[in-house]
Amino acid sequence: MTYQYIFIDLDDTIFDFQKSEQKAFKKLTEHIGFPYSDDLFNQFKQYNQQLWHQIELGTLTKSELLATRFPNFFEQFGFSVVSDNMDDYFRDQLAEAGDLIDGAENFLITLQQHQKTLLAASNGVYPTQIKRLNQTGIIGYFDYIFISEKLGFSKPDTRFFEESFKQINDFDFEQAIMIGDSLTSDMRGAHNIQMHSIWYNPHQKQQPDDLTITYQAQNFKEILDILI
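To convert, count from 1 in the sequence shown and add 71; that's my numbering.
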């Protein structure tokens, strides 16, 4: 099978989101005067993942998340936060961190050299993701950039993909494939719209029985073996 249109998730597929998130969270705690610990960060990480999962399910809007996630999180510890720009500060720090997964840029270069059409497909906040793409110097590898905030729909909603398809010149669905680490957004989204997929699964997690996934790969080399 020949794939020309390569949809690529960003966080934890290209960006080392865990590393950048920890840096940004630590700077935020310093900014608001709250003591940082790795345990605190792990609690936030789990809390944040739950919020983004609610967005995937359609039970929470992105604006609600951005307005409430930090006040609600720190309130658990009896800390009343007076700053109203915590989320802006956190996302600015996230954008500045600019961490890529090892080998990610070479992966994109190789695909570009083989004249593949590369499409970023992310559920992130639009200004933050654009800043991170610029900060890491990889924005130029992508022919198209699709961010949920701009499209109006989040993966795994089929409308995220349908709106993306409309913007691609001479698009051929049969030559499209989705690459990502997330079962609930990337793989579920591809499954919902019946698009081929590569599950980037470096930690060898178990595949759910109710999810059709075309390929699995533990690293970029294995993905390239499928695509070229």
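Note that CB positions come from ideal geometry on N, CA and C, so glycine has one too.
Item checked: Touching by the beta-carbon criterion (3+ pairs, under 8 Å), the segment 96 to 104 and the segment 147 to 166 -> yes
Notebook entry, point to check: Out of M72, Q75, T73 and T84, which has the shortest C-alpha to C-alpha gap to F291?
Noted result: Numbered from 1 along the sequence shown, position 220 holds the residue referred to as residue 291. The candidate whose alpha carbon is nearest that of F291 is T84.
Notebook entry, point to check: Looking at the structure shown, is G251 part of a helix, part of a strand, or coil, going by DSSP?
Noted result: Here residue 251 is taken as the residue at index 180 of the sequence shown, counted from 1. It is a strand residue.
Notebook entry, point to check: Between D158 and the rest of its own chain, which residues show a CB-CB distance below 8 Å, the 5 nearest in sequence each way excluded?
Noted result: Start at 1 with the first residue of the sequence shown, and residue 158 comes out as number 87. Closer than 8 Å at the Cβ level, and outside the excluded window around D158, lie L137, A138, R140 and F141.
Check: I think Y215 touches L179, with their Cβ atoms under 8 Å apart; what is that distance to the nearest whole Å?
Finding: Taking the first residue of the sequence shown as position 1, residue 215 is located at position 144. Taking the first residue of the sequence shown as position 1, residue 179 is located at position 108. Actually they are not in contact, since the Cβ atoms of Y215 and L179 sit about 14 Å apart, beyond 8 Å.
Next item on the list: Kindly indicate which three-state DSSP category F213 falls into: helix, strand or coil?
Entry: In the sequence shown, counting from the first residue as 1, residue 213 sits at position 142. Three-state DSSP puts F213 in coil, outside helix and strand.
Next item on the list: Can you have a look at G260 and say buried or exposed, based on whether 16 or more other CB atoms are within 10 angstroms of its CB?
Entry: Here the question's residue 260 lines up with position 189 in the sequence shown. With 16 or more other Cβ atoms within 10 Å, it is buried.
Check: What residue range is occupied by the uninterrupted beta strand (DSSP E) comprising F115?
Finding: The residue you call residue 115 lines up with position 44 of the sequence shown. Counting along the chain, F115 falls outside any beta strand (DSSP E), though it belongs to the alpha helix (DSSP H) covering D109 to L128.
Note to self: Does G211 pass the burial test, meaning 16 or more other C-beta atoms within 10 Å, or should it be called exposed?
What the structure shows: Your numbering for residue 211 matches position 140 in the sequence shown. G211 comes out exposed.
Checklist line | For F115 and F144, believed in contact at Cβ under 8 Å, the rounded distance | finding: Within the sequence shown, numbered from 1, the residue matching residue 144 stands at position 73. Within the sequence shown, numbered from 1, the residue matching residue 115 stands at position 44. So it is a contact: roughly 6 Å between Cβ atoms.
Note to self: According to DSSP, simplified to helix, strand and coil, what is Q93?
What the structure shows: By 1-based counting over the sequence shown, the position of residue 93 is 22. In the structure shown, Q93 sits in a helix (DSSP, three-state: H, G or I).
Notebook entry, point to check: How far does the beta strand (DSSP E) with H267 in it reach, from first residue to last?
Noted result: On the sequence shown, residue 267 is found 196 positions in, with the first residue counted as 1. Segment H267 to Y271, the beta strand (DSSP E) holding H267.
Item checked: Same chain, Cβ closer than 7 Å to F231, five either side skipped, listed in chain order -> For the purposes of this step, residue 231 is taken as the residue at position 160 of the sequence shown. S219, L222, F224, S225 and G260.
Notebook entry, point to check: How would you call K54, buried or exposed, if buried means at least 16 neighbouring beta carbons within 10 angstroms?
Noted result: The structure shown does not extend to residue 54, since the chain is modelled only from 72 through 299, so no value can be given for it.
Notebook entry, point to check: Can I79 and A192 be called in contact, C-beta distance under 8 Å?
Noted result: Stepping through the sequence shown from its first residue, residue 79 is reached at position 8. Stepping through the sequence shown from its first residue, residue 192 is reached at position 121. Contact: yes.
Checklist line | Within-8 Å CB hit, I218 to chain B | finding: In the displayed structure, chain B is absent; only one protein chain is listed.
Checklist line | Nearest-angstrom Cα separation, counted from Q164 out to L182 | finding: Along the sequence shown, read from residue 1 onward, the residue named residue 182 stands at position 111. Along the sequence shown, read from residue 1 onward, the residue named residue 164 stands at position 93. The alpha-carbon atoms of L182 and Q164 are separated by roughly 29 Å.
Notebook entry, point to check: Are the beta-carbon atoms belonging to L298 and Y76 less than 8 Å from one another?
Noted result: By one-based count along the sequence shown, residue 298 stands at place 227. By one-based count along the sequence shown, residue 76 stands at place 5. Their beta carbons are not under 8 Å apart, which means L298 does not touch Y76 by this criterion.
Next item on the list: Leaving aside the five residues before and after I172 along the sequence, list all residues of the same chain whose C-beta is less than 6 Å from its C-beta, in chain order.
Entry: On the sequence shown, position 101 is the one that residue 172 refers to. Answer for I172: D87, listed in chain order.
Item checked: Contacts around S235, its chain only, beta-carbon distance under 6 Å, and the 5 residues preceding and following it disregarded -> Residue 235 sits at position 164 when you count from the first residue of the sequence shown. So the qualifying residues of the chain are F217.
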